[in-house]
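>
In full-length UniProt numbering, the protein residues as written are 1 to 124.
1. If you follow the beta strand (DSSP E) that residue 58 is in, where does it begin and where does it stop?
2. Could you spell out where the beta strand (DSSP E) holding residue 46 opens and where it closes?
3. Rounded to whole angstroms, what's the CA-CA distance from residue 118 to residue 44? Just pull it up for me.
4. Out of 122, 91 and 53, state which residue places its alpha-carbon closest to the alpha-carbon of residue 173.
5. Measuring straight from C-alpha to C-alpha, what distance separates residue 136 and residue 52?
6. Buried or exposed: where does residue 124 fall if 16 or more other Cβ atoms within 10 Å of its Cβ makes it buried?
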């Protein structure tokens, strides 16, 4: 399990969903589809039509993986901070019932307006 309270992700950059589809698609339920994927050094997150899947690659070989599902249905609030002149990263914070706050940091070129619309569509 990823420790969302204490862990800080390396800034996430967008990747093509096709790069992780082989690992994620078998986890999806009927009617669910993957939209966006973002990768840090080894770990990555995927936005689907129902949840965010955070993948923690473990061990030296990276064969062991932890898949944490963060369902949009459990989001109570969310906050999005855009990149600025000196602070070049964007941040997304989500508050989940039963889990607390989860924060993701994205590289400054991330389309945060699209992320906002995507999350709002599924949460509101």
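For every residue, glycine included, the Cβ atom is placed at its ideal position computed from N, Cα and C.
A quick note: this is a predicted structure, and the numbers were derived from the prediction, not measured.
Reading from the atomic positions:
1. Locating residue 58 in the chain shown gives position 58, where the first residue counts as 1. Run containing residue 58: 51-58, per the beta strand (DSSP E) assignment.
2. Numbered from its first residue, the chain shown carries residue 46 at position 46. Counting along the chain, the beta strand (DSSP E) containing residue 46 begins and ends at 44-48.
3. Taking the chain shown and counting its residues from 1, one reaches residue 118 at position 118. Taking the chain shown and counting its residues from 1, one reaches residue 44 at position 44. If you take the alpha carbons of residue 118 and residue 44, they lie about 18 Å apart.
4. Here the chain has residues from 1 to 124 only, and residue 173 is not among them.
5. Beyond the ends of the chain as shown, which are 1 and 124, falls residue 136; an answer cannot be given.
6. One-based indexing of the chain shown puts residue 124 at position 124. Per the 10 Å Cβ criterion, exposed.
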